[in-house]
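Asker:
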Amino acid sequence: MQQSDLTPMLHYNRGMNEPDAEVPPAEDTLISRARAGDRDAFEQIFNSYRNQVYSLAYRMTGNPTDAEDLTQEVFMQVMRKIGSFQGRSSFSTWLYRVTVNRSRDYMRSRKRIPELLSDDHEAVERVGEPVGATPARAPESGAIASEARRLVQDALLELPETLRAPLVLHELEGLEYREVARMLRLPVGTVKSRIFRGRLKLAELLEPHKEQWR
Amino acid sequence: MDCRRVKKSLMEYADGGLPAGRRDEVSLHLEACTECSAMADRLALSGAALGSLAPVEMPPDTSARVFAAVTAGEETGRAAGFFRSPRVVAAAGLVTAVLVGLAIVVGLVTGGRDGEETTVTKRGVATQAVSAPAGESALQLEQKDALGEGVLPFASLVTPVARATSNNYDEASMKNMAESLEITESFANRYTLSDAINMRYAFIEKLADEFVAAGGDGPMLEAMISYVQQTEPVLLPCYAEKALFSSQPVYIVVLTGPPRSGATSQLTRAEFWAFNPEKFTANPELSLVWWGQSQK
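As given, the protein sequences belong to chains A and B, one line each in that order.
Residue numbers for the first sequence follow our numbering, so the first one is 1 and each next one is one higher.
Residue numbers for the second sequence follow our numbering, so the first one is 215 and each next one is one higher.
1) In the DSSP output, what is B/Val-464 paired with across the bridge?
2) Below 9 Å between beta carbons is the criterion; list the residues of the stretch 253 to 266 of chain B that meet it against any residue of chain A, in chain order.
3) Of all the CB atoms in chain A, is at least one closer than 9 Å to the CB of B/Tyr-465?
4) If you measure between the beta carbons of A/Val-191 and A/Ala-203, is that distance less than 9 Å?
5) Using only alpha-carbon positions, find the residue among A/Gly-189, A/Leu-172, A/Val-74, A/Phe-91 that is nearest to B/Tyr-441.
6) For B/Val-464 versus B/Pro-451, is the C-beta spacing smaller than 9 Å?
7) Taking the alpha carbon of B/Glu-419 as the point to measure from, which residue in A/Ser-84, A/Ala-34, A/Phe-42 has its own alpha carbon closest?
8) Whose C-alpha, out of A/Ser-103, A/Arg-199, A/Arg-35, A/Phe-46, is nearest the C-alpha of A/Ala-155?
9) Around the Cβ of B/Thr-398, are there at least 16 other Cβ atoms within 10 angstroms (buried) or fewer (exposed)?
10) Is the distance from the Cβ of B/Lys-510 to the Cβ of B/Ala-488 below 9 Å?
11) Which of the three DSSP states, helix, strand or coil, is assigned to A/Val-188?
12) I need the straight-line Cα distance from B/Glu-330 to B/Ala-416, nearest angstrom please.
13) Mind listing the chain B neighbours of A/Ser-89? Cutoff is C-beta to C-beta under 8 Å, in chain order.
14) Is DSSP giving B/Asn-497 helix, strand or coil here?
15) Is it right to say B/Gly-432 is buried, meaning 16 or more other beta carbons lie within 10 angstroms of its own, or is it exposed?
16) Below 8 Å between beta carbons is the criterion; list the residues of the stretch 146 to 166 of chain A that meet it against any residue of chain B, in chain order.
17) Distance cutoff 9 Å, beta carbons only. Does A/Gln-44 sit that close to anything in chain B?
18) Counting only the same chain and skipping the five closest in sequence on each side, list residues whose C-beta sits under 7 Å from that of B/Pro-269.
19) Just verifying my parser: in three-state terms, what is the DSSP assignment at A/Arg-194?
20) Would you check if the distance between the CB atom of A/Tyr-54 and the CB atom of B/Met-272 is smaller than 9 Å?
21) Nearest-angstrom Cα distance between A/Trp-213 and B/Leu-259?
22) Check the DSSP bridge columns for B/Ser-508 and list the partner residues they point to.
23) Compare the C-beta of A/Ser-48 against all C-beta atoms of chain B and say whether one is closer than 9 Å.
24) With distances taken from CA atoms, which of A/Val-100, A/Thr-99, A/Phe-75 is nearest A/Phe-42?
25) Does any residue of chain A have a CB that is nearer than 9 Å to the CB of B/Thr-290?
26) So with CB distances below 7 Å, who are the chain A contacts of B/Ser-408?
27) Note down, in chain order, all residues in the stretch 391 to 423 of chain B with a beta-carbon under 8 Å from any beta-carbon belonging to chain A.
28) Under a CB-based cut-off of 9 Å, is A/Tyr-96 close to chain B?
29) Using a C-beta cutoff of 9 Å, does B/Glu-492 count as contacting chain A?
30) Assuming B/Thr-379 is part of the beta strand (DSSP E), what are its boundary residues?
31) What residues are listed by DSSP as bridge partners for B/Phe-194?
32) Hey, does A/Ile-195 have any beta-carbon neighbour from chain B nearer than 9 Å?
33) Going by beta-carbon coordinates alone, are B/Leu-257 and B/Asp-229 separated by less than 9 Å?
34) Would you say A/Pro-187 lies against chain B (beta-carbon separation less than 9 Å)?
35) Among B/Ala-378, B/Phe-281, B/Tyr-227, B/Lys-456, which one has its Cα closest to the Cα of B/Cys-250?
36) Which residue wins for smallest C-alpha separation from B/Leu-244, given the options B/Asp-216, B/Arg-279, B/Ser-266, B/Ala-392?
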């Protein structure tokens, strides 16, 4: 499905051969420098990957404030643990994995703690606005498109986490099945099956509003 | 074409990704099969709905704020990321004020300043919080650290162990190892079911890191643990070994849990799983070469 608007470095990490992709800076050099405490290198890493982390966190939580909190936590963890990054998987994969795990922990914590402030629906609408029109996602203007996106995001949150994570990673973040499998430590067949079930469940939840996407 | 085969292609069909020949075959089936046809409609609906979502980017002002908070948090050795959440900080304001007030009273009495720390939230608001070790058990603090929240050194926990050995196990020696592995005893004495609930992800990561350091494949090990946890999610991993079993390569994973029956919630039961890593990716079930459990 649709590829998110991710950074050139991420495209590079996934081995995608896009003719117009920029040649990224040497990632291993950046990581080595960040590991040695180089703040500029860490900032470059942050700038390259912040949207990847934020986007996934937002899709997993449905809330921009939570996404912001999570992005902050993920990069703090990266800062602490970059020394133990072995390079056996791509940095991007590692980062996705940290984000998924932190999102899972975060949502679990949130379930135990009552909502402290009101919902951020207004802010969600702002985040949900397109940041760049692509041919496949020509933005529809106005409240209807915005409401439709809100419905989808709400439905995503109703999916159990075991279905939501693979669905978001594959369908929205554009990762291949085998990449999702590696990230979630699941067999590829299980990932495919969960995405299939997730799609059916999502449709079930959206059925009363299906005219929005006709 | 039967329903089973059609279902395998249905998502691609709904997304318009099937080659023409195959698409026609599926279409033909859908005309005659109401169940598959309804499923295709649902997949098309969810595909269209997901496709309507716009890409998400972090707003520039948020980006600057988050980066500042990340680096500030690192400099001050801040812990407990959850408490940096602005909503939690706001809601905790009253509690904090009471605690600060209490600390001031105690400080006036004792003259001490221990336990105070100044933190910077990501909103750039300096907040004075009181870390109150007296309010939390050592285990709770350790749990926070195990989750990467940096209150106490991870070394203060009984942590999982991974190693690579030249052992070539057979049935008898594997049973012997399962009965005599000391770390299962330590976990049984130290941890309970609630520890397993709270710390399992951190322990999986820790064990995988140790396994990589020992020369094993960390992601593969985590995949094996994930496979085991599909049927029983709350198990705390304590040991991994890269070895041989009847001369074939195996990764041995040991996880602890509470007994199947009985009153205790201590993790007195240990499960031993030995997988062939070369076969695991293709078929986890067929890669299992040995399984056993022990009860302390």
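Beta carbons are placed, not taken as given, at the ideal position from N, Cα and C, and that holds for glycine.
Answerer: In this structure, then:
1) By 1-based counting over the second sequence, the position of residue 464 of chain B is 250. B/Ala-457.
2) If the cut-off is 9 Å between Cβ atoms, the stretch 253 to 266 of chain B has Met-253, Asp-255, Arg-256, Leu-257, Ala-258, Leu-259, Ser-260, Gly-261, Ala-262, Ala-263, Leu-264, Gly-265, Ser-266 near chain A.
3) In the second sequence, counting from the first residue as 1, residue 465 of chain B sits at position 251. Closer than 9 Å: no.
4) Counting from 1 along the first sequence, the entry for residue 191 of chain A is found at position 191. Counting from 1 along the first sequence, the entry for residue 203 of chain A is found at position 203. In this structure, A/Ala-203 does not lie closer than 9 Å to A/Val-191 by Cβ.
5) By one-based count along the second sequence, residue 441 of chain B stands at place 227. Nearest option by C-alpha distance: A/Gly-189.
6) Locating residue 464 of chain B in the second sequence gives position 250, counting from the first residue. Locating residue 451 of chain B in the second sequence gives position 237, counting from the first residue. Going by C-beta atoms, B/Val-464 is not nearer than 9 Å to B/Pro-451.
7) Sequence index remark: in the second sequence, residue 419 of chain B carries index 205 (1-based). For B/Glu-419, the nearest C-alpha among the options comes from A/Ser-84.
8) Counting from one through the first sequence, the residue named residue 155 of chain A turns up at place 155. Looking at the Cα atoms, A/Arg-199 is the closest of the given residues.
9) The sequence position of residue 398 of chain B within the second sequence is 184, counting from 1. Classification of B/Thr-398: buried, given that the 10 Å Cβ count is 16 or more.
10) Indexing the second sequence from 1 puts residue 510 of chain B at position 296. Indexing the second sequence from 1 puts residue 488 of chain B at position 274. Cβ distance not < 9 Å, so B/Lys-510 and B/Ala-488 don't count as in contact.
11) On the first sequence, position 188 is the one that residue 188 of chain A refers to. DSSP places A/Val-188 in helix when its eight states are reduced to three.
12) Position 116 of the second sequence, counted from the start, is the residue given in the question as residue 330 of chain B. Position 202 of the second sequence, counted from the start, is the residue given in the question as residue 416 of chain B. With a pLDDT of 34 at B/Glu-330, under the threshold of 50, the modelled position of that residue is not reliable, and the figure given next carries that caveat. B/Glu-330 and B/Ala-416: Cα-Cα distance of roughly 28 Å.
13) Position 89 of the first sequence, counting from 1, holds the residue named residue 89 of chain A. Within chain B, the residues near A/Ser-89 are Pro-433.
14) Locating residue 497 of chain B in the second sequence gives position 283, counting from the first residue. Look at B/Asn-497 here: in three-state DSSP terms it is coil, with no helix or strand label.
15) Stepping through the second sequence from its first residue, residue 432 of chain B is reached at position 218. With 16 or more Cβ atoms within 10 Å of its Cβ, B/Gly-432 is classed as buried.
16) Ala-148, Arg-149, Leu-151, Val-152, Gln-153, Ala-155
17) Within the first sequence, the letter at position 44 stands for residue 44 of chain A. No - not a single Cβ of chain B is within 9 Å of the one on A/Gln-44.
18) Numbered from 1 along the second sequence, position 55 holds the residue referred to as residue 269 of chain B. Hits under 7 Å: none found.
19) Here residue 194 of chain A is taken as the residue at index 194 of the first sequence, counted from 1. Of the three classes helix, strand and coil, the one that applies to A/Arg-194 here is helix, per DSSP.
20) Position 54 of the first sequence, counted from the start, is the residue given in the question as residue 54 of chain A. Position 58 of the second sequence, counted from the start, is the residue given in the question as residue 272 of chain B. Cβ distance < 9 Å, so A/Tyr-54 and B/Met-272 count as in contact.
21) Taking the first residue of the first sequence as position 1, residue 213 of chain A is located at position 213. Taking the first residue of the second sequence as position 1, residue 259 of chain B is located at position 45. Between A/Trp-213 and B/Leu-259, the C-alpha separation is close to 7 Å.
22) Locating residue 508 of chain B in the second sequence gives position 294, counting from the first residue. Partner(s): B/Ala-484.
23) Your numbering for residue 48 of chain A matches position 48 in the first sequence. It does not; no Cβ of chain B falls within 9 Å.
24) As a position in the first sequence, residue 42 of chain A is number 42, starting the count at 1. Among A/Val-100, A/Thr-99, A/Phe-75, the Cα nearest to that of A/Phe-42 belongs to A/Phe-75.
25) Taking the first residue of the second sequence as position 1, residue 290 of chain B is located at position 76. Because B/Thr-290 carries a pLDDT of 45, less than 50, the predicted location of this residue cannot be relied on, and no value is offered for it.
26) Sequence index remark: in the second sequence, residue 408 of chain B carries index 194 (1-based). Simply none; closest approach about 12 Å.
27) Tyr-415, Glu-419, Asp-423
28) Here residue 96 of chain A refers to the residue found at position 96 of the first sequence. Chain B has no Cβ within less than 9 Å of the Cβ of A/Tyr-96.
29) By 1-based counting over the second sequence, the position of residue 492 of chain B is 278. With respect to chain A, the C-beta atom of B/Glu-492 has no partner C-beta closer than 9 Å.
30) As a position in the second sequence, residue 379 of chain B is number 165, starting the count at 1. That run of the beta strand (DSSP E) goes 375 to 383.
31) Beyond the ends of chain B as shown, which are 215 and 510, falls residue 194 of chain B; an answer cannot be given.
32) Translated into positions along the first sequence, residue 195 of chain A becomes position 195. Answer yes: the Cβ-Cβ gap between A/Ile-195 and chain B drops below 9 Å somewhere.
33) Numbered from 1 along the second sequence, position 43 holds the residue referred to as residue 257 of chain B. Numbered from 1 along the second sequence, position 15 holds the residue referred to as residue 229 of chain B. It is a contact, given that the beta carbons lie within the stated cut-off.
34) Position 187 of the first sequence, counted from the start, is the residue given in the question as residue 187 of chain A. Output row for A/Pro-187: interface = yes.
35) Counting from one through the second sequence, the residue named residue 250 of chain B turns up at place 36. Nearest option by C-alpha distance: B/Tyr-227.
36) On the second sequence, position 30 is the one that residue 244 of chain B refers to. Measuring from the Cα of B/Leu-244, the nearest candidate turns out to be B/Asp-216.
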